[in-house]
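Have a look at the structure below before the remarks.
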Amino acid sequence: MEPKFQSVDVLYEQAMNYKQSGNQFFKSKEYGKAKKKYHCALLQTRAISSRDTVGRSMSFFNNSVNDDLKYTASANFKDSVESLEADCNKNLAMIFIIEGNWSKGLEYSKKALDYNDCDEKSLYRFHTCATNLG
Numbered sequence: 828m829e830p831k832f833q834s835v836d837v838l839y840e841q842a843m844n845y846k847q848s849g850n851q852f853f854k855s856k857e858y859g860k861a862k863k864k865y866h867c868a869l870l871q872t873r874a875i876s877s878r879d880t881v882g883r884s885m886s887f888f889n890n891s892v893n894d895d896l897k898y899t900a901s902a903n904f905k906d907s908v909e910s911l912e913a914d915c916n917k918n919l920a921m922i923f924i925i926e927g928n929w930s931k932g933l934e935y936s937k938k939a940l941d942y943n944d945c946d947e948k949s950l951y952r953f954h955t956c957a958t959n960l961g
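Note that my numbering numbers the sequence shown so that position 96 is 923, with each residue one more than the last.
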């Protein structure tokens with residue numbers, strides 16, 4: 828029996844659902860549950876970027892794969908995936924700040940800044956963590 832692989836659209840939808848669940852847990856101050864949901868969302872986005880729809884190992888945004896195996900993502904879809912990843916990293920950074928885990932907060936705010944180095948929330952969270960780490 829061959830494993831069932833999900834399309835990138837299904838993976839993206841699942842990632843969005845995890846993020847939205849994480850947001851709800853965050854609002855109700857259930858930070859442990861929110862962290863789990865944000866991590867699940869990031870796992871889904873990594874699945875999108877690391878394999879094609881039939882499960883062959885490949886780079887989602889790399890054009891070096893044979894034409895018959897390629898999944899070509901639109902620029903808008905790629906931007907949506909990256910925006911989702913940035914948001915989840917930014918939200919995780921905030922949770923770690925609330926928990927006083929400055930090194931993890933720094934790590935995740937830095938990941939968020941990798942997507943947009945001018946994002947004010949990410950910059951503020953990065954600075955907050957760096958200051959508290961000394």
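All C-beta atoms, glycine included, are put in the ideal place defined by N, C-alpha and C. If you're wondering where the values come from, they're calculated on a predicted model, not measured in any experiment.
Its Cα nearest to that of residue 937, the residue 956 stands out among 840, 925, 956. About 19 Å separates the CB atoms of residue 905 and residue 949; that is not less than 8 Å, and the two are not in contact. Considered as a whole, the segment 895-925 harbours 902-925 as its complete alpha helix (DSSP H) runs of no fewer than 4 residues, in chain order. Judged by beta-carbon spacing, residue 842 lies beyond the 9 Å limit of residue 861, meaning their Cβ atoms are not closer than that value. If you draw a straight line from the Cα of residue 909 to the Cα of residue 853, it is about 21 Å long.
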